[in-house]
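Residues in the sequence shown are numbered consecutively from 1002, following the numbering used here.
Backbone N, C-alpha and C fix where the C-beta goes; we use that ideal spot for every residue, glycine too.
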Amino acid sequence: MTIRAGGSRSILIADGIRSAAFRTPSKVAITESGRSLTYTALVERIDRVANLTHAPAADGGLGLAKGEYAAIQCRNRLEYLEIVAGLSSAGVGAAQIGPAAAPPELRFICEDSRARVLFVDPELAEAARAAVPPSVERVIVVGPEYESLIARAATTPCPVEVTEHDIFSLPYTSGATGRPKGVKLAHRGRVLACYAMASEHGCYGPDDRAVATTPMFHGAGFLMALVPVFFGGAVEIMPRFDIERLLATIESFQATSAYMVPTHFAALFALGTKADRYRLGTLKSVISGTAPLAQAMKARIIERFGEGKLYERYGTTETNIATVLRPNDQLRKIACVGLPLPATHVQVLDDDGWPVERGEVGELAVASPYLFAGYHNLPEQTARAMRGDWFVTGDLARQDDEGYVYLVDRKNDMIISGGENVYPREVEEILLEHPAIAEAAVVGLRHEYWGEAVTAFIVLRAGMNVAADELAQACRARLAPYKVPKSIRVVGALPRNSMGKILRRSLRDAG
């Protein structure tokens, strides 16, 4: 087997793994459900995927060219990292689809990305085949079929010239305007993010071990699996979240870091004294993100895991991590998301795009080398999101006199439920299709377990009625389960301003 070194001018997602394979070829890099791969085996499989991707169909390959996309719909599993790293080593980006995506969502992403190949879990294969558009030429089931294909592929370096500016991944946001947006992520931004995370969290060296708990189709979930092996450590991937299994894995793996969203912590505290049986003293860093932590929860986390370990991060798919609240500030800075990540700059802007004074509320903008490369097929939306080098997040924030950032509200009304992003309009469109509904508004109400519970407020048409179960079923047929309202409430009218815009904040406050 030939292990290719990274280029002298560019560094790709796979190149940190290659470097680690030079240093510790027989070390176990990645583990999942009792299966594991050494660094040598992982690099070999990445190269096999790359060569399979590049080889002509006539020679048993996929025949994909640099600049194209392939789609992947898999749960967290051993093969996920090698597929994304292998595709991108051949210059092909991975359009990442959530395993819970409803058939219309899968179809849209495949059509929008023009993916000609879909990699899919065995248990999702039948539904995927029924949903894919004609443009998808091959559906490859990860299992015996996948193993047979890569076994025939070469392990020599893929002969495609790829640079750090090429796109390695295309995750999709949940369309605030009703249309999901593909977020183009280049190798460069995510590689630099790896280095920033290593410097910030201090838990990603060759002797460190991480537990990856969140879905890898998310930007954060993928990074939490990549960063440990990029620097020569080890990672245990959890196929799905279970709090007792997570705690047991931290103990048995002697993990030095774990990434947990607020819902995970809520599940931990719900265990009560049962959690005391697990020994978690090897943890150096407990990292939280995706949704804000309640201040009361932070105190409980510190009490459980010890001082000097909790890091809370804020970011978006477009920005990667933007700010971090470090351990020493957790109880000093109340409801705060911290200071900018290394090499990151933030501004709080007024409606005209000018910086506001410290302490004033405005829209948060971020500039850094980690930013996305634009929205796929949406140049106008990309242009609206950028102001020069600055990405305007849509989040309302303020800074204190020390430069710390505090989120005030989400300007785009996105809901974060159980660590998943839900945009109200996507749900509202389905509710409004029912003939009995005159108006609908969807908001996130605070919830101890979910962080925010997706809640629908509906106004019925005169003389008509509908059961909440019927509406939930209509949503379930078209949306991923986490987007389905957990509560549907009938109201006489929706609060609106003088321009007729629904006042979602009033619904949240009243809820």
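Exercise. Which one of A1211, G1234, I1047 and L1125 has the shortest CA to CA distance from A1021?
Worked result: The option with the nearest alpha carbon to A1021 is G1234.
For this session: Using 7 Å as the cut-off, classify the Cβ of K1067 as near or not near the heavy atoms of the ligand ATP, replying yes or no.
Result: As for the ligand ATP, it is missing from this structure, which has no ligand bound.
Problem set entry | For L1065 and R1139, the rounded distance between their alpha carbons | For R1139 and L1065, the distance between alpha carbons rounds to 11 Å.
Exercise. Residues in its own chain within less than 8 Å of I1018 by CB, not counting five upstream and five downstream?
Worked result: A1030, Y1040, L1043, V1044, I1047, A1086, V1230 and F1231, listed in sequence order.
Problem set entry | Rounded separation between I1288 and T1317 - CA only | Taking the Cα positions, I1288 is about 16 Å away from T1317.
Problem set entry | Burial state of A1136 (16 or more Cβ within 10 Å) | The amino acid at residue 1136 is misidentified as Ala; the sequence shows Ser. Burial call: exposed.
Problem set entry | Candidates I1141, Q1400 and D1277: closest to P1341 by CA position | The candidate whose alpha carbon is nearest that of P1341 is Q1400.
Exercise. Taking the alpha-carbon positions, what's the A1439 to R1462 distance?
Worked result: Near 5 Å, if we compare the C-alpha coordinates of R1462 and A1439.
Exercise. Counting pairs of Cβ atoms below 8 Å between the segment 1371–1384 and the segment 1349–1361, do you hit three or more?
Worked result: Taking 8 Å as the limit for Cβ pairs, the verdict is that the segment 1349–1361 does not touch the segment 1371–1384.
Exercise. Taking Cβ to Cβ, would you say G1493 is nearer than 8 Å to V1443?
Worked result: Not closer than 8 Å, so no.
Problem set entry | Under the three-state DSSP convention, the category P1158 falls into | It is coil, neither helix nor strand.
Exercise. Under the rule that 16 or more other beta-carbon atoms within 10 Å means buried, what is Q1474, buried or exposed?
Worked result: Answer is exposed; the Cβ neighbour count stays below 16.
Exercise. Which residues does DSSP pair with E1033 in a beta bridge?
Worked result: In the DSSP output, where bridge partners are listed per residue, E1033 has R1036.
Exercise. Is the distance from the Cβ of A1154 to the Cβ of A1056 below 8 Å?
Worked result: Yes, they are a contact pair.
For this session: Could you tell me the boundaries of the alpha helix (DSSP H) in which T1456 lies?
Result: DSSP places T1456 outside any alpha helix (DSSP H); the residue lies instead in the beta strand (DSSP E), whose first and last residues are G1452 to L1461.
Problem set entry | Complete runs of the beta strand (DSSP E) confined to the segment 1298–1340 [at least 3 residues] | Correct list: 1311–1317 and 1321–1326.
For this session: Taking the CB atoms as reference points, tell me whether A1129 and A1071 lie closer together than 8 Å.
Result: Result no, Cβ atoms of A1129 and A1071 do not sit closer than 8 Å.
Exercise. What first and last residue would you give for the beta strand (DSSP E) that runs through E1364?
Worked result: That run of the beta strand (DSSP E) goes G1363 to A1368.
For this session: Pull up the CB-CB distance for V1143 and C1075, whole angstroms please, since I reckon it's below 8 Å.
Result: At roughly 6 Å, the Cβ-Cβ gap stays under 8 Å, so V1143 and C1075 are in contact.
For this session: Have a look at T1345 and V1428 and give me their C-alpha separation to the nearest angstrom.
Result: Between the C-alpha atoms of T1345 and V1428 there is a straight-line separation of about 34 Å.
Problem set entry | Other residues of its chain near I1168: CB distance less than 7 Å, five sequence neighbours each side excluded | If we look at I1168 and ignore the five residues flanking it on each side, its Cβ neighbours are G1094, K1185, L1186, A1187 and A1374.
For this session: Tell me whether V1050 sits in a helix, a strand or coil according to DSSP, three-state version.
Result: If DSSP states are grouped into helix, strand and coil, V1050 belongs with the helices.
Exercise. First and last residue of the alpha helix (DSSP H) that includes P1425?
Worked result: From DSSP, the alpha helix (DSSP H) with P1425 extends over P1425 to L1432.
For this session: Determine the direct distance from the alpha carbon of A1226 to that of V1236, and round the result to whole angstroms.
Result: So the two alpha carbons sit approximately 6 Å from each other.
Exercise. Looking at the structure shown, is D1510 part of a helix, part of a strand, or coil, going by DSSP?
Worked result: Three-state result, D1510: helix.
Problem set entry | Which listed residue (A1132, F1023, T1215 and E1361) has its alpha carbon closest to that of N1077 | When the alpha-carbon of N1077 is set against those of A1132, F1023, T1215 and E1361, the nearest one is in T1215.
For this session: Assuming Y1405 contacts G1512 (C-beta within less than 8 Å), just tell me the rounded distance between them.
Result: So it is not a contact: roughly 29 Å between Cβ atoms.
Exercise. Taking Cβ positions, are I1151 and R1036 nearer each other than 8 Å?
Worked result: In this structure, the beta-carbon distance from I1151 to R1036 does not fall below 8 Å.
For this session: Scan the segment 1251–1300 and note each continuous alpha helix (DSSP H) run of 4 residues or more that stays entirely inside, going in chain order.
Result: With a minimum length of 4 residues, the continuous alpha helix (DSSP H) runs that stay inside the segment 1251–1300 are 1263–1271.
For this session: Measure the C-alpha to C-alpha separation of A1323 and R1191 and round it to an integer number of angstroms.
Result: Straight-line Cα distance between these residues: approximately 13 Å.
Problem set entry | Segments assigned alpha helix (DSSP H), at least 4 residues, entirely inside the segment 1045–1110 | With a minimum length of 4 residues, the continuous alpha helix (DSSP H) runs that stay inside the segment 1045–1110 are 1079–1090.
Problem set entry | Segment limits, beta strand (DSSP E) that includes H1515 | In this structure the chain extends from 1002 to 1512, so residue 1515 is not present and cannot be described.
For this session: Kindly provide the ranges of any beta strand (DSSP E) runs that are 3 or more residues long and lie completely inside the segment 1222–1249, ordered along the chain.
Result: Qualifying beta strand (DSSP E) stretches, in chain order: 1235–1238.
Exercise. What first and last residue would you give for the alpha helix (DSSP H) that runs through V1444?
Worked result: Going by DSSP, V1444 is part of no alpha helix (DSSP H) but of the beta strand (DSSP E) stretching over I1438 to H1448.
For this session: With a 10 Å radius around its C-beta and 16 neighbouring C-beta atoms as the bar for buried, classify L1516 as buried or exposed.
Result: In the structure as shown, the chain begins at 1002 and stops at 1512. Residue 1516 is therefore absent and cannot be evaluated.
Problem set entry | Given E1162 as reference, the closest of K1067, R1327 and Y1205 once Cα atoms are compared | Minimum Cα distance to E1162 is reached at K1067.
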